[in-house]
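Protein sequences appear in the order of chains A and B.
Following this note's numbering, the numbering of the first sequence begins with 1 at its first residue and continues without gaps.
Following this note's numbering, the numbering of the second sequence begins with 261 at its first residue and continues without gaps.
Ideal Cβ positions, reconstructed from N, Cα and C, are used throughout, including at glycine.
These figures come from a predicted structure and were not determined experimentally.
A short write-up of the structure that comes next.
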Amino acid sequence: MIEIREIGRQFNTRDGGTFEALKDVSFSVKDKEFFSIIGPSGCGKTTLLKMVAGLVRPTSGQIVIDGSPVSGPGNDRAMVFQHFVLLPWADILTNVGFGLEMRGLSRRESREAARPFLDRVGLTGFAEHYPHELSGGMQQRVGLARALAVSPDILLMDEPFGALDAQTRQLMQEDLMRIWDVEQKTVIFVTHSMDEAAYLSDRVLVMDTHPGKVREVLDVPLPRPRDEAVRTTPVFNELTSHMWHELRGMIGDPTAPAPE
Amino acid sequence: MRNMTRQNRNRLLSVIGLLAGLVLWEVIGRLELSPAFPPFSAVLAAVVEVWSSPRFLEALKESLISIAIALPPSIVLGVAIGLLIGRYRRVEWALDPLINTFLSLPLVALIPVLFLIFGLGRGSILATIVIYTFFIVVVNTAAGVKTTDPEIVEMARSFGAGEAHVMNRVILPSALPLTFAGIRIATGRAIRAVIIAEQVIGLIGLGGLVQRLGGAFAVEQLYAVVLFVGLFGLVSMEAVAIAERKALPWIIAQEETEPAFQGA
């Protein structure tokens with residue numbers, strides 16, 4: 001279980017004041033749960049995710065995973081990044097094995113161990129290609145394979161499909177669902193797409209902004225495994241329009257366009 | 261294919277330009293304006309004679325030995341210091357003024373000082389090569405480090421990378437393109453440095469040969485040696501460029517290709 005306990009984060013601003021990015025954020029994520037965090041830009045959702053990853057320290061509060069407080073990156077967690085963040089100078093197989101290499105395996109060993117994960121994300125045959133030869137969707141598959149390759153209990157995904165076009169995005173969501181059904185990992189998934197959050201998640205945390213805090217945590221009562229058909233169910237629509245209502249209130253623009 | 265043709269046309273233009281220059285040289289040389297300006301044909305004859313002469317080959321060997329001893333450690337040390345300067349602010353603050361001073365100094369003026377310190381022998385020649393090459397590798401490597409994508413550093417850290425891993429597997433590869441540019445420039449400068457330093461001694465190496473030929477007013481032979489040095493510099497720098505393309509295939513590929521595979 002991941003417990004987020006009264007997390008706060010302040011930044012010093014240039015004019016000598018302080019900016020409160022996160023305030024009193026508390027929630028918990030169960031084992032093997034698909035948990036999404038949604039909120040307007042600047043609500044601190046990515047910062048929160050990086051705290052769970054051990055990349056950013058909270059100013060106050062604590063994150064506890066299975067009873068031990070987070071003090072830095074750990075073998076139990078792996079992250080998938082919005083802009084893929086692949087090594088441009090390394091081929092796909094080395095990229096997928098990079099996490100293993102950082103954990104002490106040799107280049108050769110990590111490349112060998114990476115191979116099955118390349119298959120799992122459907123990139124068999126691209127082992128020797130370079131990232132720039134691949135489309136965005138394929139690059140993010142590499143990012144996902146790299147995270148899966150270190151066999152983490154927890155996957156931390158930071159708007160992983162945010163940089164992709166709409167069709168690719170939907171395909172990636174379906175594939176992620178398929179992979180997650182098999183892998184059964186705890187996932188914390190940051191997104192700004194209500195549709196995506198409802199389709200993928202067991203629960204969705206809606207965040208408030210200025211400062212970032214918990215607004216509410218929604219259950220997603222949709223059966224699994226899910227396919228495209230759930231997107232047209234009344235439950236799905238109710239959920240997304242509820243989220244839209246909550247978020248629109250925060251953005252405070254009554255003329256904002258309808259949800260995607 | 262069209263690109264190839266354009267490339268060939270550009271090469272042809274270069275050759276024509278070069279030939280025109282040589283013809284002009286020949287014509288002006290034949291006017292016998294000055295003994296310091298022999299016609300190209302006379303220099304060409306000297307090339308045939310000098311480039312195969314034992315004293316030229318002996319001098320060439322001496323110069324190459326000096327470069328072979330001094331340049332590699334200068335590059336290795338330059339890359340190491342450059343990585344530290346680029347990566348650590350405190351090192352940058354401590355060393356940057358010093359390095360920049362050396363880069364803007366007229367190094368020729370320092371050579372007598374080096375001879376004062378290291379004596380009239382190979383030590384001074386090696387030291388000259390080092391001061392001509394070290395600093396340029398340092399600044400290029402440091403600039404290369406600054407091009408590192410901070411997101412890649414963060415990604416590596418998220419997978420538990422320590423500082424050594426970040427240096428080896430993220431910072432160094434990020435810095436390589438500019439580092440190679442520095443090494444290429446340093447190679448050219450090493451050749452200049454060895455000639456200049458040898459001229460001071462006047463006895464050994466190509467620089468010594470140049471000095472003696474100049475003193476004897478053997479102008480054609482002098483030009484033959486200078487021509488060799490120029491060509492040698494060109495070839496050496498091109499060799500580094502080839503090594504660079506071999507070592508950094510993704511750079512060229514990125515510039516030339518669109519994503520080859522579309523779709524998710």
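{"Check": "Expected contact under 8 Å - CB spacing of I7 (chain A) and I63 (chain A) to nearest Å", "Outcome": "7 Å"}
{"Check": "S274 (chain B) to G281 (chain B) span [Cα, whole Å]", "Outcome": "11 Å"}
{"Check": "Rounded straight-line distance, which links the Cα of G474 (chain B) to that of L491 (chain B)", "Outcome": "20 Å"}
{"Check": "Whole-number beta carbon distance between R203 (chain A) and D219 (chain A), since they are thought to touch under 8 Å", "Outcome": "6 Å"}
{"Check": "Environment of L148 (chain A) [buried if 16+ CB atoms lie within 10 Å]", "Outcome": "buried"}
{"Check": "C-beta contact flag for A198 (chain A) and F161 (chain A) at 8 Å", "Outcome": "no"}
{"Check": "Proximity to E246 (chain A) [Cα-Cα], best of A:E228, A:P221, A:D208 and A:T233", "Outcome": "A:D208"}
{"Check": "Euclidean distance between Cα positions of E133 (chain A) and V85 (chain A)", "Outcome": "15 Å"}
{"Check": "Inter-residue Cα distance where the pair is S68 (chain A) and T186 (chain A)", "Outcome": "17 Å"}
{"Check": "Contact test: R107 (chain A) Cβ vs the ligand ATP heavy atom, cutoff 7 Å", "Outcome": "This structure lacks the ligand ATP; in fact it carries no ligand of any kind."}
{"Check": "CB of V390 (chain B) within 8 Å of CB of S334 (chain B), strictly", "Outcome": "yes"}
{"Check": "Chain-ordered chain A contacts of R417 (chain B) [CB-CB under 8 Å]", "Outcome": "L55 and P73"}
{"Check": "Own chain partners of L278 (chain B) with C-beta closer than 8 Å, once the 5 adjacent residues on each side are dropped", "Outcome": "none"}
{"Check": "P410 (chain B) at chain A interface by Cβ criterion, 8 Å", "Outcome": "no"}
{"Check": "Of the listed residues A:M243, A:A145 and A:E196, nearest to L164 (chain A) (C-alpha basis)", "Outcome": "A:E196"}
{"Check": "Where the beta strand (DSSP E) containing R5 (chain A) begins and where it ends", "Outcome": "I2 to N12"}
{"Check": "Contacts around T517 (chain B), its chain only, beta-carbon distance under 7 Å, and the 5 residues preceding and following it disregarded", "Outcome": "At T517 (chain B) the pLDDT is 48, less than 50, meaning the model places this residue with poor confidence; the figure from the coordinates comes in the next sentence. Correct list: empty, nothing qualifies."}
{"Check": "First and last residue of the uninterrupted beta strand (DSSP E) at E20 (chain A)", "Outcome": "T18 to V29"}
{"Check": "C-beta neighbour in chain A for G420 (chain B), strict 8 Å", "Outcome": "yes"}
{"Check": "I154 (chain A): first and last residue of the uninterrupted alpha helix (DSSP H) it sits in", "Outcome": "First-last for I154 (chain A): I154 to D158, but that is the beta strand (DSSP E), not the alpha helix (DSSP H)."}
{"Check": "Burial state of P254 (chain A) (16 or more Cβ within 10 Å)", "Outcome": "With a pLDDT of 49 at P254 (chain A), under the threshold of 50, the modelled position of this residue cannot be trusted; read the value that follows with caution. P254 (chain A) is exposed by the Cβ-count criterion."}
{"Check": "Pair within 8 Å by beta-carbon distance, V217 (chain A) and L200 (chain A)", "Outcome": "no"}
{"Check": "CB contact flag (F488 (chain B), W311 (chain B), <8 Å)", "Outcome": "yes"}
{"Check": "L205 (chain A), enclosing beta strand (DSSP E) - first and last residue", "Outcome": "R203 to D208"}
{"Check": "Minimum C-alpha distance to I26 (chain A) - residue among A:P225, A:G212 and A:D227", "Outcome": "For the sequence presented, residue 26 (chain A) should be read as Ser rather than Ile. Nearest option by C-alpha distance: A:G212."}
{"Check": "Chain E within 8 Å of G99 (chain A), Cβ atoms only", "Outcome": "The structure shown contains no chain E; its protein chains are A and B."}
{"Check": "Exposure of F394 (chain B), with buried meaning 16 or more beta-carbon neighbours within 10 Å", "Outcome": "buried"}
{"Check": "Spatial neighbours of L508 (chain B) in its chain, beta-carbon cut-off 8 Å, leaving aside the 5 residues before and after", "Outcome": "L436, P437 and F440"}
{"Check": "Same chain only: Cβ atoms within 7 Å of K30 (chain A), ignoring 5 sequence neighbours per side", "Outcome": "M1"}
{"Check": "Inter-residue spacing [alpha-carbon to alpha-carbon] between L55 (chain A) and P73 (chain A)", "Outcome": "6 Å"}
{"Check": "Members of the region 111-134 of chain A near chain B, C-beta cut-off 7 Å", "Outcome": "Y130, H132, E133 and L134"}
{"Check": "G383 (chain B) burial status per 10 Å Cβ neighbour count (16 or more: buried)", "Outcome": "exposed"}
{"Check": "Residue interval of the alpha helix (DSSP H) (run including V368 (chain B))", "Outcome": "From DSSP, V368 (chain B) is part of no alpha helix (DSSP H); its letter is neither H nor E."}
{"Check": "Inter-residue spacing [alpha-carbon to alpha-carbon] between R107 (chain A) and G420 (chain B)", "Outcome": "16 Å"}
{"Check": "Which residues DSSP lists as bridging S60 (chain A), in chain order", "Outcome": "A:G8"}
{"Check": "Same chain, Cβ closer than 7 Å to T47 (chain A), five either side skipped, listed in chain order", "Outcome": "R9, A21, L22 and V56"}
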